[in-house]
Amino acid sequence: MARRLFMCACTAAAFAGVHAHSADTLRSQFQRPLRIVVPFAPGGGQDTTARLLGSKITEFTGQQVIVDNRPGGGGIIAAETTLKAPADGYTMYLASTSFVVTPSLRKSLPFDTVKDFAPIMRVSNSPGVLAVHASLPVRNVKELVQLAKSKPGQITFGSAGVASNSHLSGELFKVLAGVDIIHVPYKGSAPAMNALVGGEIIMGFSNAVTTIPHVKAGRLKALGVTTLKGSPLLPGVPSVAEAGVPGFENMIWSGIVVNSATPKPMQSALHELISRTIESAEVKEQLARAGAEPFLGDTPAKYTAFVSSEIEKWGKVVRRAGIQPQ
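Offset between the sequence shown (1-based) and our numbering: plus 28.
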């Protein structure tokens with residue numbers, strides 16, 4: 029018994045030693061303030077994620093993290109800001125859907141999304157929700173598709189604006205479900221949600237945190253989530269893919285990329301740093317409050333493949349829908 033306790037104590041001490049060494053290594057690898065460039069204004073979901081990451085990164089490295097908000101241009105301004113900084117790993121870009129959609133929206137870009145950026149890892153993902161007004165006489169996705177097919181050009185879906193995540197979800201739904209539904213763009217997600225709740229539009233895609241209160245209040249019906257499988261945020265609600273539109277997926281995600289000229293050892297150090305950051309209980313808890321979960325176990329190779337596949341996927345949707353940047 030004593031021997032077993034001694035061995036357990038030694039194992040625990042060794043484990044703690046490994047992590048202590050890892051923490052010391054992180055502090056030695058990062059010698060000055062870091063910056064996370066965000067392609068959105070302060071106060072939104074991506075900004076919140078960046079500040080959450082920054083706080084924990086400071087704890088691990090002892091270095092200040094500056095969240096640099098550079099909204100506009102579909103992420104182009106933020107991307108250029110990142111590439112113009114020294115390629116030393118101290119400037120990171122918090123990428124999201126716009127990162128993989130903009131290449132299809134713009135005839136020319138001042139950079140190559142694939143060649144000029146090195147994906148480090150995805151940070152978080154959360155489901156969107158396909159919701160309809162409570163008065164609509166459908167109980168599930170299949171019935172919604174049937175209704176839309178019986179009334180071509182009469183079912184409206186709202187979005188936060190042209191080329192927004194919610195717009196792209198609607199266009200993908202049109203393609204995969206084979207329905208003719210009409211896009212109604214609003215100036216932001218809040219006006220789009222108000223329009224859906226008020227009955228101005230029939231259906232829409234939005235984030236779970238915003239949608240759930242209206243579902244619980246009986247103002248909306250949640251028919252499906254936009255991840256490939258159901259989400260614990262909405263127990264009992266299947267994914268759109270499971271409920272009748274195979275292949276449908278448009279999760280709300282964020283991930284870290286850096287200038288591709290960043291030295292490989294620094295890219296590896298950043299991967300370790302971000303991994304440790306999103307594995308922390310505090311970050312997991314705060315992401316959950318925001319309706320998201322950490323993207324644990326991601327690798328640069330997986331993230332790179334994801335970026336390439338998403339660029340191809342949304343390129344097809346953008347071209348088919350004839351979406352033009354506003």
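Even for Gly, the Cβ is constructed at its ideal location relative to N, Cα and C.
Here the structure is a predicted model, which is why all the values come from computation and not from measurement.
Excluding its 5 nearest sequence neighbours in each direction, G275 has C-beta neighbours in its own chain below 8 angstroms: L204 and A269, listed in chain order.
Secondary structure at K292: helix, using DSSP grouped into helix, strand and coil. Shown here for Q174: not one same chain residue has a beta carbon closer than 6 angstroms to its own, the five before and five after excluded. Here the alpha carbon of K112 sits roughly 11 angstroms from the alpha carbon of D144.
Non-local beta-carbon contacts of S124 in its own chain, meaning distances under 7 angstroms to residues more than five positions away in sequence, involve Q74, W281 and S282 in chain order.
Residues V157, A159, T239, V243, L262 and V265 of the same chain have their beta carbon placed closer than 7 angstroms to that of A250, with the five preceding and five following residues left out of the count. For M120, the enclosing beta strand (DSSP E) has its first and last residue at T119 to A123. Linking I284 to V151 through their CA atoms gives a straight-line distance of about 7 angstroms.
According to DSSP, residue pairing for K249 in a beta bridge involves V160. In its chain, beyond the 5 residues on either side, no residue has a beta carbon closer than 8 angstroms to the beta carbon of S136. Residue pairing for M231: DSSP places it in a beta bridge opposite V160 and F185. In the three-state reduction of the DSSP assignment, E321 falls in the strand class, which pools E and B. Apart from the 5 residues on each side of it in sequence, I302 sits with its Cβ closer than 7 angstroms to the Cβ of I148, M149, V151 and I284 in its chain, given in chain order. Counting the other Cβ atoms within 10 Å of the Cβ of L324 gives fewer than 16, which makes it exposed. Assignment of R98 by DSSP, reduced to helix, strand and coil, places it in the coil class. When secondary structure is reduced to three states using DSSP, I64 falls in the strand class.
The criterion of a C-beta distance shorter than 9 angstroms is not satisfied by S132 and R304.
Between G272 and V169, the CB-CB gap stays under 9 angstroms. With 16 or more other Cβ atoms from the protein chains shown falling within 10 Å of its own Cβ, E199 counts as buried.
Following the DSSP letters along the chain, one finds S83 inside the alpha helix (DSSP H) bounded by residues G73 to T89. For M221, the enclosing alpha helix (DSSP H) begins and ends at S217 to V225. In the DSSP annotation of this structure, the continuous segment of the alpha helix (DSSP H) that includes P241 starts and ends at A236 to K244. The residue from I209, S194, F201 and K202 with its alpha-carbon nearest to that of A218 is S194.
Exposure of I94 is indicated by the presence of fewer than 16 other C-beta atoms within 10 angstroms of its C-beta. Taking C-beta separations shorter than 6 angstroms and ignoring five residues to either side along the sequence, the partners of M120 in its chain run I64, I284 and V286, following chain order. Nearest C-alpha to I351 among R317, S337, G189 and T110: G189. Considering only I105, S56 and G246, the residue with the shortest C-alpha distance to T89 is S56. Residues D208 and I210 of the same chain have their beta carbon placed closer than 7 angstroms to that of G181, with the five preceding and five following residues left out of the count. Here DSSP, grouped into helix, strand and coil, assigns F145 to strand. Distance check between T290 and each of D116, N235, K341 and I230 places D116 closest, using alpha-carbon atoms only. Counting C-beta pairs closer than 8 angstroms gives three or more between the segment 101-110 and the segment 66-73, which meets the contact rule. If you compare the alpha carbons of A78, P114, S83 and K84 with that of N97, the shortest gap goes to A78. Cβ-Cβ distances below 7 angstroms link Y118 to R60, L62 and R63 in the same chain, with the five nearest sequence neighbours on each side left out; the list follows chain order. The straight-line gap separating the alpha-carbon atoms of S178 and L172 is approximately 10 angstroms. Straight across, the Cα-Cα distance linking E310 with S296 is about 23 angstroms.
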